[in-house]
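First to last, the protein sequences are chains A and B. All you need for this note's numbering is the position in the first sequence, starting with 1, plus 1131. All you need for this note's numbering is the position in the second sequence, starting with 1, plus 1.
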Amino acid sequence: MAWSHQDQCAIVGVGATDYYVRGKSWPRTINDMAAEAIMNACADAGISHRQIDGFAYYSTAGAGYLDKFDTASLMETLGMPHIGFSATLTSGGGGCVGAVGLATAGLMNEDCTYAVTLMALQQLPQHRLGVVFGAAAPSPENSFLQPSGLVGPGHLMSMLTRRHMHLYSTKPEALKEIVQATRANTHNRPKAVRRNPLSDEQYWGSPMLADPLRRLDFCLETDGAVAVITTTKDRAKDCRHKPALIHACAHGGQREWGRAFAWMGMPDPYFASAGHEFTANRVWAQSGLTARDMDVALLYDHFSPMVLMQLEDYGFCARGEGSDYVLSGKIRYDAATGGKVNGGVPVNTHGGNLSEAYIIGMTHLVEAVEQVRGTAINQVADAEFALASGGPASLPVSSLILRRD
Amino acid sequence: MAYGPARVLPGEQIRITTNPDTEPFWQAARENRLTACQCGECGRFRMPPTAVCPDCGSREKSWPTLPGTATVFSYVVCNRNPKTGEDYVYVPVVVDLDGAPGARLNANVTGCDADEVHIGMKVAVEWTPIQDDWVLPNFCKD
């Protein structure tokens, strides 16, 4: 059954700062970057930032790994006269695109009129994710994980990748193809951090940080901020751009995934997955669509193998066939063909977390909006539906389908 | 690639914390006894130990002595000590514990080259003293 709020709200504004290599944004403050992203998103929407009266966060309102957003502080900084909605999804980057669904909840409940979802990230040396996780005195729960030396997210996802390789004969060449296909989309993007083409030699020569994962399978570490503005369909008519309609959106997940790689208790086949099957099935049920109906897929790529496992979770290919699917070129973007290659669906046309920038998933949202507006740099011809996903991580994870107006 | 011998991480750099739900596991480890949290009502296992059985809702727990053997479910080969950054080959493993279906541990494996570790490999517990007089279960190629 179609979702009752289908196409009732839309993303009408997207805004970002420049993207900086980790730590290079200083002496800007994280609040300065957040404010710039919000104001850029409002300018894109054609509204004043003082019209924002809703905040829909994810990652427990975290700003990076040590900082925290606070709505009252943002009001004080930006001068909003009042707010009617301030809420967050829990856990981490898994909820990224689900925060837009949270905004929809606030808008449909008439709590607010323009809701902002944002992330800002400033990784000063003491703020690096691996450092934060590894330096923390382990909680009683984490005392069953951290002593094994699984201290960084790359270690953790490597464990899932190894199992996937064991079960399905997944090839290292498939990970290389994901990294190279993503890199091929940034040569024409001025803001992207990594723009040079990536040769086979460079990929195979990249050091093994957590075998089977190489440094180039890890995403960038970036400073910057991104914000998006969500409003109702009626208000969207007065905004500057064609609205990106929120066609389906879900967050959550199932117990077999649970705390995921912070736990490692997932039974097969969930262990060697991205934990997205539950929310994928929800957005397909909400929309009546399938993976084959998508024109472009913006899949959270903190680590290259998690793209492959999401392709399986969403049904772009069957479980265990991700390696063959990727190696047949189906995630590539080709401008000459209007985007699609070999009957596939282009993935991460913006260069993703691997090559453009890593702002905990927000860049995928921006690209999804630009694709259905028809203004993307690597535009898929006649794109009607864009899929975006939150990060494979502890629940909730999330899924979003945007539709062209 | 040849990594050479798989080592356990040095115990003196490892800390744990406990709470009343998890402490019986660690107290048993101090006596070099491998256990896992078993529901006192329905008999299902869960790790890490939590307050309530997710299957039947019971708060009763038992802590049976397990055989101490296990099977590698997945593994990662790491080459730097995470605390010091120095070259150090260690192999984090997720193991399925014999005698406790559904219960897993994350540990290091030793007693072989890192290159020999494989999914399905049989391992046996060995004990690593860590900070604060606690003892950590690691595993050795069986």
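C-beta: ideal position from N, C-alpha, C; glycine also. These figures come from a predicted structure and were not determined experimentally.
If you reduce the DSSP assignment to three classes, tell me which class residue i lands in.
i, result
"Leu1096/A", "Since the first residue of chain A shown is 1132 and the last is 1536, residue 1096/A is not available in this structure."
"Trp1157/A", "coil"
"Arg8/B", "coil"
"Cys1370/A", "coil"
"Arg1534/A", "strand"
"Gln39/B", "strand"
"Arg31/B", "helix"
"Asp1163/A", "helix"
"Val1511/A", "coil"
"Ser1529/A", "strand"
"Arg16/B", "coil"
"Cys1173/A", "helix"
"Asp22/B", "coil"
"Pro138/B", "strand"
"Ala1147/A", "strand"
"Leu1518/A", "strand"
"Lys1307/A", "helix"
"Ala3/B", "coil"
"Ala1192/A", "helix"
"Gly1505/A", "coil"
"Asp1198/A", "strand"
"Val1324/A", "coil"
"Arg47/B", "strand"
"Val1152/A", "strand"
"Ala1312/A", "helix"
"Gly1419/A", "coil"
To the nearest angstrom, how far is the alpha carbon of residue i from that of residue j?
i, j, result
"Ala3/B", "Gly1336/A", "15 Å"
"Thr1421/A", "Phe1516/A", "11 Å"
"Thr1172/A", "Ala1358/A", "The question names Thr, but residue 1172/A in the sequence shown is Ala. So the two alpha carbons sit approximately 6 Å from each other."
"Thr1494/A", "Lys1322/A", "11 Å"
"Val1152/A", "Ile1309/A", "22 Å"
"Pro1338/A", "Arg1345/A", "5 Å"
"Pro1278/A", "Gly1225/A", "25 Å"
"Gly1283/A", "Val110/B", "19 Å"
"Leu1298/A", "Gly1451/A", "8 Å"
"Pro1477/A", "Leu1430/A", "10 Å"
"Gly1389/A", "Ser1525/A", "6 Å"
"Gly1177/A", "Leu1496/A", "19 Å"
"Ala1251/A", "Gln1182/A", "21 Å"
"Gly1419/A", "Ala1428/A", "17 Å"
"Ala1312/A", "Pro1398/A", "31 Å"
"Pro68/B", "Tyr1464/A", "53 Å"
"Gly1237/A", "Gly1185/A", "7 Å"
"Val124/B", "Arg8/B", "14 Å"
"Asp1242/A", "Asp1354/A", "32 Å"
"Val1472/A", "Lys1373/A", "27 Å"
"Ala1187/A", "Ser1217/A", "6 Å"
"Met1547/A", "Thr1363/A", "Residue coverage of chain A in this structure runs from 1132 to 1536, which leaves residue 1547/A outside it and unanswerable."
"Gly1453/A", "Cys54/B", "35 Å"
"Gly112/B", "Gly12/B", "16 Å"
"Gly5/B", "Asp1536/A", "59 Å"
"Thr1208/A", "Thr1160/A", "13 Å"
Assuming residue i and residue j form a contact by the criterion Cβ under 8 Å, report the distance between their Cβ atoms to the nearest whole angstrom.
i, j, result
"Ala1519/A", "Gly1469/A", "In fact, because the Cβ distance is near 20 Å, the residues do not count as touching under 8 Å."
"Arg105/B", "Asp116/B", "Incorrect: roughly 23 Å between the Cβ atoms, too far for contact."
"Arg16/B", "Gln132/B", "5 Å"
"Leu1376/A", "Asp1175/A", "Contact doesn't hold; Cβ gap of about 17 Å is too wide."
"Leu1233/A", "Leu1249/A", "Not quite, the Cβ-Cβ distance comes to about 12 Å (not below 8 Å), so this is no contact."
"Glu1167/A", "Ala1356/A", "7 Å"
"Ser1529/A", "Gly1195/A", "Contact flag wrong, Cβ pair sits at about 19 Å."
"Val77/B", "Ala1341/A", "5 Å"
"Asn1316/A", "Gly1482/A", "5 Å"
"Ala1268/A", "Thr18/B", "7 Å"
"Glu1272/A", "Pro83/B", "Actually they are not in contact, since the Cβ atoms of Glu1272/A and Pro83/B sit about 19 Å apart, beyond 8 Å."
"Thr1361/A", "Thr1191/A", "Not really, about 19 Å apart at Cβ, beyond 8 Å."
Query - Sequence ranges, beta strand (DSSP E) only - wholly within the stretch 1422-1495 of chain A, length at least 3 - result: 1427-1429
Query raised in the report: Quick one: any contact between the stretch 1486-1500 of chain A and the stretch 1137-1152 of chain A, if contact means 3 or more CB pairs under 8 Å?
Result: yes
Query - Runs of beta strand (DSSP E) wholly within the stretch 56-130 of chain B (minimum 3 residues, chain order) - result: 70-76, 78-81, 88-91, 93-98, 105-111, 123-130
Report task. Give, in chain order, every unbroken run of the beta strand (DSSP E) that is at least 3 residues long and sits entirely within the stretch 1206-1283 of chain A. Result -> 1216-1219, 1245-1252
Report task. Would you list, in sequence order, the uninterrupted beta strand (DSSP E) runs of no fewer than 3 residues that lie entirely inside the stretch 1334-1417 of chain A? Result -> 1339-1342, 1353-1363, 1375-1383
Query raised in the report: Does the stretch 29-43 of chain B come close enough to the stretch 58-69 of chain B that 3 or more CB-CB pairs lie under 8 Å?
Result: yes
Query raised in the report: Should the stretch 22-29 of chain B be regarded as contacting the stretch 1239-1246 of chain A, the criterion being three or more beta carbon pairs within less than 8 Å?
Result: no
Query raised in the report: Any contact of the stretch 1401-1416 of chain A with the stretch 1434-1445 of chain A, i.e. 3+ C-beta pairs under 8 Å?
Result: yes
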